[in-house]
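Here the protein sequences come in this chain order: P and R. Numbers in this note's numbering are just positions in the first sequence, counted from 1, shifted up by 774. Numbers in this note's numbering are just positions in the second sequence, counted from 1, shifted up by 774. The beta-carbon is built from N, C-alpha and C at its ideal position, and this holds for glycine as well. Heads up: the structure comes next, in structure tokens.
Number of protein chains: 2
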Amino acid sequence: MKLIRDYFDKNNLLCEESLFHTANGYLGVRGNFEEGYPSDMLSIRGCYINGFYDTVELKYPEALHGFPNSAQRMINLPDVQTIRLLVGEEEFSLFEGELLSYQRCLDMSRGVSVRSIEWRSPKGAELNIKITRMASFAVRELFCIDYRITSVNYDGEVRFTSTVDGDVRNFSDPSDPRVASESVWNITPASVQADEDIGVMKCRTAASGLTMAVCTAHELTRPAQIQSRAEGKKITTTIQTRLQGGESVALHKYCVLCDSRRQEYPVQAALNILAQVRAQGLDALYLRQEQYLNQFWKQSRVEIDGDAIVQQALDFNLYGLLQSAGCDSVSNIAAKGLSGEGYEGHYFWDTEIYMFPFFLMTQPEMAKRLLDFRYGILDSARVHARIMGHRRGALYPWRTITGSECSSYFPSGSAQYHINGDVAHSFLQYYYATDDLGYMAEKGAEVLFEAARLWLDAGHYNSRGMFCIDAVTGPDEYTCIVNNNYFTNRSAQQNLCGAAEIYHALQAANSLQAAEKIGLSAEEAAEFERAAAAMYLPYDEQLDINPQDDSFMNKAVWDFANTPPEDYPLLLHYHPLALYRHQVCKQADTVLAHCLYDEGIAESTIRNSLHYYEKITTHDSSLSTCIFGIVSARLGEAAKAYQYFLNTACTDLENAHGNTKDGIHTANMGGSYLAIVAGFAGLRCRADGMHFSFALPDEWEGYRFRLRYRKSLLQVEVKRCGSAIKLLQGPPVRLFVEEREYLLEDSLSFREVSV
Amino acid sequence: MKLIRDYFDKNNLLCEESLFHTANGYLGVRGNFEEGYPSDMLSIRGCYINGFYDTVELKYPEALHGFPNSAQRMINLPDVQTIRLLVGEEEFSLFEGELLSYQRCLDMSRGVSVRSIEWRSPKGAELNIKITRMASFAVRELFCIDYRITSVNYDGEVRFTSTVDGDVRNFSDPSDPRVASESVWNITPASVQADEDIGVMKCRTAASGLTMAVCTAHELTRPAQIQSRAEGKKITTTIQTRLQGGESVALHKYCVLCDSRRQEYPVQAALNILAQVRAQGLDALYLRQEQYLNQFWKQSRVEIDGDAIVQQALDFNLYGLLQSAGCDSVSNIAAKGLSGEGYEGHYFWDTEIYMFPFFLMTQPEMAKRLLDFRYGILDSARVHARIMGHRRGALYPWRTITGSECSSYFPSGSAQYHINGDVAHSFLQYYYATDDLGYMAEKGAEVLFEAARLWLDAGHYNSRGMFCIDAVTGPDEYTCIVNNNYFTNRSAQQNLCGAAEIYHALQAANSLQAAEKIGLSAEEAAEFERAAAAMYLPYDEQLDINPQDDSFMNKAVWDFANTPPEDYPLLLHYHPLALYRHQVCKQADTVLAHCLYDEGIAESTIRNSLHYYEKITTHDSSLSTCIFGIVSARLGEAAKAYQYFLNTACTDLENAHGNTKDGIHTANMGGSYLAIVAGFAGLRCRADGMHFSFALPDEWEGYRFRLRYRKSLLQVEVKRCGSAIKLLQGPPVRLFVEEREYLLEDSLSFREVSV
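This is the structure we're talking about:
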């Protein structure tokens, strides 16, 4: 389970910084070179803590009422990666001397990223260098570098200069709306101290009032003089030794990062952790990392027979999800995880719709932490609803770190009310998959109720008694501020139904404390049901499709024939009005509704809609192809589904969207999991149990994966000759295959697989 | 014809700065006190040149493609108003000592603003002070202050300290989207010189590269020592003399402003003009001013019998229009004229729809200058169309000074495509009123053609063959980015028809040079006609109204009952999405379409629409009530029309919108003219001639006004006993009264007036 690059491609380094980043859900370090780059070369050197942010002012040339006047930004922390190596008087650099061999490897079984280099200096000194980096899953505050050099022919002095540099800023690009537009110092060192092998830097953010600490320790695998000194915003540690041909030596740099959102005294906490990890030693930490990953892969891997490339891509994607997911309820999963600064470290609906299912199906406890996060920001969502003019309910912010709305362009930001439905969906999915009514009573119900209330305030009954929701934006950001967006209305409907369902379940269990807390009556729950039943869902009889919204079908279709390839993604080349005016979709919208909420929708409508929208969807968003793949698979269009899957699976490895430099596409990674589990295996988790419908792409021999469902552990295996579901642990499970009900007690086999 | 305030009301001074401003279409000076204010008192001290701007950067937290990255701003120029008066050792101030009498008078016959004060100093010195200010219509670059003091009981020294201060900034208020949000130095003195009575300051803008000069001269009506000195950004002139009880003395301060948009060498030009005006002397200049205004009022006044208050308001409004209108083709009429900085001195559709008709009907040559301005920025409109994604045609910017789009919030900015129709409308109105086909051949046709082309590119034929225009915003900014806004489609239709009409007229006259220049074929002109004929115009059969757009009628009506009075204007208290989601109008939209383009619309539809929209219109825009008044009058609802008219006429005098401090509402001023001429007198200027339909509000005895039409001058008089149209000059005129055709050769009388 490795991702290997064994050629040195200067032009691809920025992208590799994301691909080879090391993260553990708490901290993340981009895959920059320890030794640095030539000064004319762009590199985004980054180190982040999930949910650790500064507050930046949002200024508008023309601010209207309710526009947020500040936003949070995940900030680039002091640089801990830098280690320079002096061989005699020559400094090691990949851009000088001769590269005899080169390999970069993300070892996903061991949880490390390794760079192996055979280098000959300009003056002829030959060294083998192997640098191993790890963000520990056992000790989440720990990032370490294991810098090993072996002399081939060099006799003499070598010197490591390792630094912690607090003079850091975020990356900015004013021409790209997807990254920060201004570069400012969001964090500065408040105290910098060093003593022998230890460095301690305490930093404070410019505006958010947060603090964090970096504590480092250095060890050489042979006795050596280690000197550290603090100067300005920097700690420099120098380690000097001598080497002879054939000899090896390694420098271990332990970096512990703690922050004030999790620790009362970050410096003290970091020093304690540092002492503990040093006591364990690197080998023990490597072992714990491997054990953790063994367990992860056993639980979570999707195995594919007969397609090594796809297997690698998929492994990479699930590993990416693992690296990105905050599991402390304070943090969540950012759009780029901890691999880069794209979308400023914000959490979006991406979590609920694209990534949550992976955790729910493989690590439900982790999924619960993600829900806890949403519960934790419910008060902010209430405040946001008031700002947006609603008298009751809660409206989740479109993008956020701690709960306040951080979207500054509301037509494709705050107008995406479907976020409420998406959050509600994940709570309901959790309930269906775990049967954990206690959690619903404690937290879930309150979220579902408040989200549902919002719809009652935002919508209204039209003259024909249909419940309508106006002036919102659906997932497709190429059409903004519309009435009765099908996806939104459908997801509101599910939210309303689900809230009522939970209300009744809790009523039966005599646990209506959430309703009491927020003054929700049986009458209001009945109101939820009435609105859901009356929900208006656009339908075009002639085409037998669901129009994306009330007006979509009346617009002109985008002139794709006259749009040159370099004009994609369209959002970077056309004024939003030009896009809004046409039938052109950035991503799945109605098709996504059919993916998530297909109950009661005629198959012909789903098929016709898929065929209609795929003609006009550019997939300029990385959240799109996976959904088209899932729906294609559901409809038996397996060849096409496979193509969509392939595009999804390889998005980052192939830099398909051209912006992997800004970070991995975590939602897309989750989408590649869904494309198999919900797509080819047809898994839907509903109130009545799990539903499957198996398909196998022609290109594969078979695939298998494990699932957690309630108290049981299942294995699903799909092969050319037939498919099987095994109960590995726990009580029997009621499930449906091709809409036929089964009781899984030991194992079930199905002869044919639809293709 | 005077506006008089004879009480000193501290709380109203900001507003009076706008009301008592002095301007002549080229320069404008707010009515600030020469002697200044206590330091804790807000005053917006301002001096402006029409169309003289700096460029300011527009930064967005999230910039999308095509957002303008800079805007123009009319800038506050060096302060020339300040004259301090020292009486012995006491400085004159209205906020100290005793005010024995006070009067402020805008004398609209003489074209001056006069402040008359009887003041007793803390130590008992009594003085009568009379300060007269004039922005000359004869010499547009001249602003002068005539500062006369008479001693009642004071014997001793008096000293004037008069300054030109280049340390100036624009007013800013980050909480109000209608004024600038940031305060920066947009202009700085490049050279400052002074010699005896003369001061010369040359200034340069920070970013736009423009220069301007202020040259001042001081004269005292008795021999005195006049000393000027330049220091830093300031020129200070001191004039010292002695006064005895009963004696008078006056200081004349001539300020000449020239700018590099009109003059190659502004300093030299200003010095030349200064020499000329000094040679004439103030009395001669006063005389020329009075003559000019005599002529203006003779031509332009609307006289009302039996309502002195309305008469005064109306005089004030027409005088305001005159003061605001740029007549050099380089400038136009800003939303606040030259009286304040609201809307940053930008030109909007306000000119074409609200103000142009006044000039067209009273001073067609002046109207032509306003058209010249639009012709002059046609190239910019072409560029703007490309930015907005259109492959052909021109799209006028929503707000601009020199032609580039200065709107930074496109949903209620650039999305207002109707600006094209509005510009086209004014060209067509000019053609109908003047029969000036030569001007059409030279300039008008090119504008009409390019504006029409834009519609072909922006719109499309739907499946039923109707021509639709999607994703635009109509005049009502409480509903943005909609499909088939009735007003927009109707105005596009008129533009297309008019372009085709002019094409054929020019073809017949063999003057198709404009079409040749831009490669417009007979086929394309036919395309104009096809699109116009197929134009989709929303119509609700059941209600017999024209819906504002495709989706408007499906939205919930705003909850007016639960909206407290302090929540108006709504835009300052609700998030735009909350407004967009509801049936609630800021201003006339469909009703405006029925006002401008009523041909072929059933009277019942116009009536039902008026009644429908007046229930949901807040008139939060000052462009609204006049239109409701006109349409009410047209429908014979005279009492209501009068109420609307009254609201319109007194907007600024009563500070009805609470923001007159930022400047007068010029469009509303034009609207008050229209409310009578197009409203009560029912004037419509069509291809076949002028149409009238007379009404007389119960509150009046009668009213009369003059009109220019083609080569003739007419007088219209409406009285209780009947109405009459007289031909005062020129050849007979074909016209329609109550849809009956007449040939006006001398005079026509109509017995009854509909009420």
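inquiry  = With three or more beta-carbon pairs closer than 8 angstroms as the criterion, would you say the stretch 920–933 of chain P touches the stretch 1010–1019 of chain P?
reply    = yes
ask   = Would you say Asn-1269/R and Ala-1299/R are within 9 angstroms of each other, going by their C-beta atoms?
value = Taking the second sequence and counting its residues from 1, the one referred to as residue 1269/R is at position 495. Taking the second sequence and counting its residues from 1, the one referred to as residue 1299/R is at position 525. No; because the gap between Cβ atoms is not below 9 angstroms, this pair is not in contact.
query = Does the Cβ-Cβ distance between Phe-1479/R and Ser-1497/R come in under 9 angstroms?
reply = Counting from one through the second sequence, the residue named residue 1479/R turns up at place 705. Counting from one through the second sequence, the residue named residue 1497/R turns up at place 723. In this structure, Ser-1497/R does not lie closer than 9 angstroms to Phe-1479/R by Cβ.
ask   = Taking DSSP as the reference, what is the three-state secondary structure of Met-848/R?
value = Translated into positions along the second sequence, residue 848/R becomes position 74. In this structure, Met-848/R counts as strand in the three-state DSSP scheme.
request  = Say whether chain P places a C-beta atom closer than 9 angstroms to the C-beta of Met-848/R.
outcome  = As a first step, residue 848/R is located in the second sequence; it is residue number 74 there, counting from the start. No - not a single Cβ of chain P is within 9 angstroms of the one on Met-848/R.
query = Got a sec: is the Cβ-Cβ distance from Met-1162/P to anything in chain R below 9 angstroms?
reply = By 1-based counting over the first sequence, the position of residue 1162/P is 388. Closer than 9 angstroms: yes.
task = Excluding the 5 residues preceding and the 5 following Leu-1169/P in the sequence, name in chain order all residues of the same chain whose CB lies nearer than 7 angstroms to its CB.
result = Along the first sequence, read from residue 1 onward, the residue named residue 1169/P stands at position 395. Same-chain partners within the cutoff: Ala-1155, His-1158, Ala-1159, Met-1162, Tyr-1191, Asn-1194 and Leu-1228.
task = Would you mind sorting Asp-853/R into buried or exposed? The rule is 16 or more other CB atoms within 10 Å of its CB.
result = Taking the first residue of the second sequence as 1, we reach residue 853/R at position 79. Label assigned to Asp-853/R: buried.
query = For Ser-1113/R, which residues from the same chain have a beta carbon less than 7 angstroms from its beta carbon, with the 5 sequence-adjacent residues on both sides left out?
reply = By 1-based counting over the second sequence, the position of residue 1113/R is 339. Closer than 7 angstroms at the Cβ level, and outside the excluded window around Ser-1113/R, lie Ser-792, His-795, Ala-797, Gly-802, Arg-804, Gly-1437 and Ile-1438.
ask   = Counting pairs of beta carbons, one from the stretch 1198–1211 of chain R and one from the stretch 1263–1281 of chain R, are three or more of them closer than 8 angstroms?
value = yes
inquiry  = Between His-1356/R and chain P, is the shortest Cβ-Cβ distance under 9 angstroms, so that the two count as touching?
reply    = Your numbering for residue 1356/R matches position 582 in the second sequence. Interface residue, yes.
key: Where Trp-1332/R sits in the DSSP three-state scheme   = Position 558 of the second sequence, counting from 1, holds the residue named residue 1332/R. DSSP places Trp-1332/R in coil when its eight states are reduced to three.
request  = Give, in chain order, every residue of the stretch 1254–1283 of chain P whose Cβ lies closer than 9 angstroms to some Cβ of chain R.
outcome  = Cys-1254, Ile-1255, Val-1256, Asn-1257 and Asn-1258
Complete alpha helix (DSSP H) runs within the stretch 1369–1407 of chain R (minimum length 4 residues, chain order) = 1377–1390
key: Extent of the continuous alpha helix (DSSP H) run through Ala-1282/R   = Stepping through the second sequence from its first residue, residue 1282/R is reached at position 508. 1260–1282 is the span of the alpha helix (DSSP H), which, as asked, contains Ala-1282/R.
key: DSSP state of His-1199/P mapped onto helix, strand, coil   = Counting from 1 along the first sequence, the entry for residue 1199/P is found at position 425. Correct three-state label for His-1199/P: helix.
request  = At 7 angstroms on the CB atoms, spell out the chain R contacts of Ser-1182/P, in chain order.
outcome  = Residue 1182/P sits at position 408 when you count from the first residue of the first sequence. Within chain R, the residues near Ser-1182/P are Pro-835 and Glu-836.
request  = Taking only beta-carbon positions, decide if Leu-1311/P is within less than 9 angstroms of chain R.
outcome  = The residue labelled residue 1311/P in the question sits at position 537 within the first sequence. No - not a single Cβ of chain R is within 9 angstroms of the one on Leu-1311/P.
task = Can you tell me which of Thr-1011/P, Phe-826/P, Leu-1144/P and Arg-1075/P puts its alpha carbon nearest to the alpha carbon of Arg-1035/P?
result = Translated into the one-based positions of the first sequence, residue 1035/P becomes position 261. Of the candidates Thr-1011/P, Phe-826/P, Leu-1144/P and Arg-1075/P, the one whose C-alpha sits nearest the C-alpha of Arg-1035/P is Phe-826/P.
ask   = Which same chain residues, not among the five before or five after Asn-785/R, have their C-beta less than 7 angstroms away from its C-beta?
value = Here residue 785/R refers to the residue found at position 11 of the second sequence. No residues qualify anywhere along the chain.
task = Closer than 7 angstroms by beta-carbon distance: list the chain P residues that pair up with His-1234/R, in chain order.
result = Within the second sequence, numbered from 1, the residue matching residue 1234/R stands at position 460. The answer, in chain order, is Ala-1330.
message = Whole angstroms are fine: how far does the CA of Val-974/P sit from the CA of Arg-1458/P?
response = Here residue 1458/P refers to the residue found at position 684 of the first sequence. Here residue 974/P refers to the residue found at position 200 of the first sequence. Computed Cα separation, rounded: 50 angstroms.
ask   = Assuming Gly-1187/R contacts Arg-1173/R under a Cβ cut-off of 8 angstroms, what Cβ separation, rounded to an integer in Å, is found between them?
value = Here residue 1187/R refers to the residue found at position 413 when the second sequence is read from its first residue. Here residue 1173/R refers to the residue found at position 399 when the second sequence is read from its first residue. Yes, Gly-1187/R and Arg-1173/R are in contact; Cβ-Cβ is about 7 angstroms, under 8 angstroms.
inquiry  = If distances are taken between C-alpha atoms only, which option among Ser-910/R, Asp-1250/R and Ala-1087/R comes closest to Ile-778/R?
reply    = By one-based count along the second sequence, residue 778/R stands at place 4. Checked all of Ser-910/R, Asp-1250/R and Ala-1087/R; the closest Cα to Ile-778/R is Ala-1087/R.
Residue range of the unbroken alpha helix (DSSP H) whose run includes Gln-855/P = The residue you call residue 855/P lines up with position 81 of the first sequence. First-last for Gln-855/P: undefined, no H or E at that position.
request  = Output yes or no for whether 9 angstroms exceeds the beta carbon distance between Gly-1177/R and Ser-1103/R.
outcome  = The residue given as residue 1177/R occupies position 403 in the second sequence. The residue given as residue 1103/R occupies position 329 in the second sequence. No. Outside cutoff.
ask   = Got a sec: which bits of the stretch 1361–1384 of chain P sit with their beta carbon under 7 angstroms from any beta carbon on chain R, in order along the chain?
value = none
Secondary structure of Gln-1037/R, DSSP reduced to three states = Position 263 of the second sequence, counted from the first residue, corresponds to residue 1037/R. Correct three-state label for Gln-1037/R: coil.
inquiry  = Any beta carbon of chain P sitting closer than 9 angstroms to that of Pro-1350/R?
reply    = Residue numbering aside, residue 1350/R sits at position 576 when the second sequence is read from its first letter. Closer than 9 angstroms: yes.
Spatial neighbours of Val-1507/R in its chain, beta-carbon cut-off 8 angstroms, leaving aside the 5 residues before and after = On the second sequence, position 733 is the one that residue 1507/R refers to. Result list for Val-1507/R: Gly-1463, Met-1464, Tyr-1483, Arg-1484, Ser-1486, Leu-1488, Leu-1501, Leu-1517 and Leu-1518, in chain order.
message = Measuring only from the beta carbon, is Tyr-1066/R closer than 8 angstroms to any heavy atom that is part of the ligand GTP?
response = Within the structure as shown, the ligand GTP is missing, as the structure has no ligands at all.
query = Comparing alpha-carbon positions, which option in Thr-995/R, Gly-1094/R, Gln-1281/R and Arg-889/R lies nearest Met-882/R?
reply = Within the second sequence, residue 882/R is the residue found at index 108, counting from 1. It is Gly-1094/R.
inquiry  = Using a Cβ-Cβ cutoff of 8 angstroms, what residues of the stretch 808–836 of chain P are near chain R? List them in chain order.
reply    = Leu-832, Lys-833, Tyr-834, Pro-835 and Glu-836
key: Under the three-state DSSP convention, the category Ser-1103/R falls into   = Stepping through the second sequence from its first residue, residue 1103/R is reached at position 329. Residue state, collapsed to three classes: coil.
query = Taking the Cβ atom as the reference point for each residue, do Asp-1394/P and Tyr-1206/P lie within a distance shorter than 9 angstroms?
reply = As a first step, residue 1394/P is located in the first sequence; it is residue number 620 there, counting from the start. As a first step, residue 1206/P is located in the first sequence; it is residue number 432 there, counting from the start. No, these two residues do not count as a Cβ contact at 9 angstroms.
Cβ-based neighbour list, Gln-1322/R, same chain, cut-off 7 angstroms, excluding 5 preceding and 5 following = Against the second sequence, residue 1322/R aligns to sequence position 548. Taken in chain order, the residues that qualify are Gly-1248, Asp-1250, Thr-1253, Asn-1259, Tyr-1260, Asp-1363 and Thr-1364.
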